[in-house]
Amino acid sequence: MNEIGIVFTAEILRKLRSRIFWIATVGGVLVIAFIVTAPALFAGVARSSSSDVILAGPPALRERARTLMTAKKEYRVVAELDALPSNVTTKFLEEHGNAGAAIAISERNGALHLDVYPRDLSAFDDVEFRELVPLNVELATGIAPARIEKASTISRTLHALDAKFTDSRVAALAHGIAFGLIFILYLAIILASQSVMAAVAEEKTSRIAEILVSTIEPANLLVGKTLSAAVVALVQIALWLATAAVILPHVAASLSNSNAAANAAANGTSANDPSAILAIDPWVLIAFVAFFILGYLQYATVYAAAASLISRTEDLASVTTPVILPVVGAFFVAQFGLLQPNSPLVVACSFVPFLSPFVMFTRVAITTVPPWQIALAVGIDALTVAACFWFAGRVYRVGMLLYGQLPSPKQIFAALRA
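Be aware that the sequence shown starts at 86, since it is given in the numbering used here, and climbs by one per residue.
This is how it looks when you write it as structure tokens:
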């Protein structure tokens with residue numbers, strides 16, 4: 086077995102035997118499960134805290150208000166009263182359906198007036214009760230709310246310019262999934278690259294590196310370490326994505342309401358259609374894996390080279406900051422790319438080394454990218470990986486055998502020319 090294979094196998098076995106690896110993997114599964122289920126959880130909390138209301142007022146006025154408020158499922162009237170007590174308390178809300186607010190509706194000077202007693206003031210701070218505008222106009226003009234609502238509603242039809250998504254709900258879900266994948270990409274590259282950095286720093290500070298580089302070519306040692314960390318990271322990502330894939334359909338189905346079902350029916354799909362819920366093309370997953378590997382290899386090699394320059398673990402922070410900034414910058418550019426995937430800046434950044442894995446993947450996930458652009462980005466990233474291995478291998482060879490101080494630029498330049 087060649088040197089790279091020996092290092093690769095040894096590093097894989099060492100990581101798989103590590104408790105920290107399994108703790109991080111299981112912890113990641115739990116975190117992904119929480120992130121995926123959080124929207125449904127928070128939606129349920131929000132509904133119980135603000136959507137359930139007690140409605141009080143004259144019966145005729147109250148009936149018309151209830152019809153308007155519940156028509157679009159924005160509110161649920163859990164109790165109706167002719168009048169509220171003089172002192173509305175939290176206990177009163179709990180005794181009447183655990184409502185989030187009590188609303189007294191009345192007519193004042195020919196207009197609608199609401200007295201709102203919310204459990205949480207912030208939940209109703211910017212609520213305008215626009216559902217009741219037709220009733221307000223009726224009181225002022227005498228025009229029936231049905232006519233007012235019909236006149237104030239403009240019909241519309243969305244026409245997709247991009248053939249990637251023809252349904253607005255699928256497009257919205259795809260954007261959400263793309264954001265989640267970008268975050269996982271960012272997190273996985275950071276964690277995997279830093280694990281390589283920590284391993285290199287530990288070997289150097291413990292003087293094990295002297296033994297290793299005396300028997301194994303430094304460049305081969307670097308390649309074996311980075312490739313083994315990539316494989317382990319892919320295993321973790323696969324488990325995280327599998328967790329999300331199992332939970333996401335159930336969460337999406339629980340969040341779908343009657344309006345979503347109506348929109349889906351209008352577009353000829355079912356509200357619980359798995360192809361609509363999991364709005365992700367298999368090619369997007371392939372692109373995710375490809376750009377993860379390319380991005381990881383770029384960053385991991387630079388991280389390993391940087392770690393080889395230190396003599397104490399306390400110095401890791403001084404070399405970590407400069408190399409982590411490109412990752413953070415790429416992540417933020419990718420967030421902008423979610424909004425404007427075809428803007429000139431985003432398109433240009435999708436070909437820039439170290440930024441490309443994040444930005445080009447974002448574009449692939451949410452829009453139709455010309456195949457030549459994808460091929461060009463992959464080619465540039467592959468050449469960057471080769472350049473990073475060449476550069477990092479020479480810095481690694483010099484840095485692993487120097488102690489006491491950082492190599493001078495002259496020494497690094499000499500190593501690159503060797």
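Every residue, glycine too, gets a C-beta built ideally from N, C-alpha and C.
Is the separation between the beta-carbon of Gln279 and that of Tyr381 shorter than 8 Å? Locating residue 279 in the sequence shown gives position 194, counting from the first residue. Locating residue 381 in the sequence shown gives position 296, counting from the first residue. No.
At a cut of 8 Å, does the segment 144–152 reach the segment 168–184 through at least three beta carbon pairs? no
Over what stretch of residues does the beta strand (DSSP E) that includes Ile395 continue unbroken? As a working mapping, residue 395 is identified with position 310 in the sequence shown. Looking at the DSSP string, Ile395 is not in any beta strand (DSSP E), and its letter there is neither H nor E.
Near Ile508, what residues of its chain come up, given a Cβ to Cβ distance below 7 Å and the 5 sequence neighbours on each side ignored? As displayed, the chain neither begins before 86 nor continues past 503, which places residue 508 out of reach and without an answer.
What would DSSP say about Val138, mapped onto helix, strand or coil? By one-based count along the sequence shown, residue 138 stands at place 53. Correct three-state label for Val138: strand.
Give, in chain order, every unbroken run of the alpha helix (DSSP H) that is at least 4 residues long and sits entirely within the segment 171–247. 175–180, 218–226 and 230–237
Would you please state the rounded distance, in angstroms, between the beta carbons of Val444 and Val431? I believe it to be under 8 Å. In the sequence shown, the residue the question calls residue 444 occupies position 359. In the sequence shown, the residue the question calls residue 431 occupies position 346. Indeed they touch by this definition, with Cβ atoms about 6 Å apart.
CB Val285 to CB Ser393, shorter than 8 Å? For the purposes of this step, residue 285 is identified with residue 200 of the sequence shown, where counting begins at 1. For the purposes of this step, residue 393 is identified with residue 308 of the sequence shown, where counting begins at 1. The answer is yes: Cβ separation under 8 Å.
Between which two residues does the alpha helix (DSSP H) holding Ala95 run? Along the sequence shown, read from residue 1 onward, the residue named residue 95 stands at position 10. It spans Glu88 to Leu101 - the alpha helix (DSSP H) in which Ala95 sits, taken as one unbroken run.
Does the distance from the C-beta atom of Pro203 to that of Ala186 stay below 8 Å? The count along the sequence shown starts at 1 and reaches residue 203 at position 118. The count along the sequence shown starts at 1 and reaches residue 186 at position 101. Contact flag set, yes.
Would you tell me roughly how many angstroms separate the C-alpha atoms of Ile108 and Ile190, rounded to the nearest one? Working through the sequence shown from its first residue, we reach residue 108 at position 23. Working through the sequence shown from its first residue, we reach residue 190 at position 105. Their Cα atoms are separated by approximately 55 Å.
Under three-state DSSP, which class holds Ala164? Position 79 of the sequence shown, counted from the start, is the residue given in the question as residue 164. It is a strand residue.
Roughly how many whole angstroms lie between the Cα atoms of His198 and Arg215? By one-based count along the sequence shown, residue 198 stands at place 113. By one-based count along the sequence shown, residue 215 stands at place 130. Cα-Cα distance, rounded: 13 Å.
Under DSSP, the alpha helix (DSSP H) around Ile301 begins and ends at which residues? To locate residue 301, count along the sequence shown from 1; it is residue 216. Taken as a continuous stretch (DSSP letters only), Ile301 belongs to no alpha helix (DSSP H), as it is neither H nor E.
From the DSSP output, in three-state form, read off Pro442 for me. What you label residue 442 is simply residue 357 of the sequence shown in a count that begins at 1. Helix.
Output yes or no for whether 8 Å exceeds the beta carbon distance between Ala196 and Leu224. Here residue 196 refers to the residue found at position 111 of the sequence shown. Here residue 224 refers to the residue found at position 139 of the sequence shown. The answer is yes: Cβ separation under 8 Å.
Taking only the alpha-carbon atoms, compute the straight-line gap between Val163 and Val201 and give it to the nearest angstrom. For the purposes of this step, residue 163 is taken as residue 78 along the sequence shown, with counting starting at 1. For the purposes of this step, residue 201 is taken as residue 116 along the sequence shown, with counting starting at 1. The straight-line gap from Cα to Cα measures roughly 15 Å.
Give the range of the alpha helix (DSSP H) segment to which Val432 is assigned. The residue given as residue 432 occupies position 347 in the sequence shown. Taken as a continuous stretch (DSSP letters only), the alpha helix (DSSP H) holding Val432 covers Pro429 to Cys434.
Own chain residues within Cβ distance below 8 Å of Ala156, not counting five before or after: For this step, residue 156 is matched to residue 71 along the sequence shown. Glu216, listed in sequence order.
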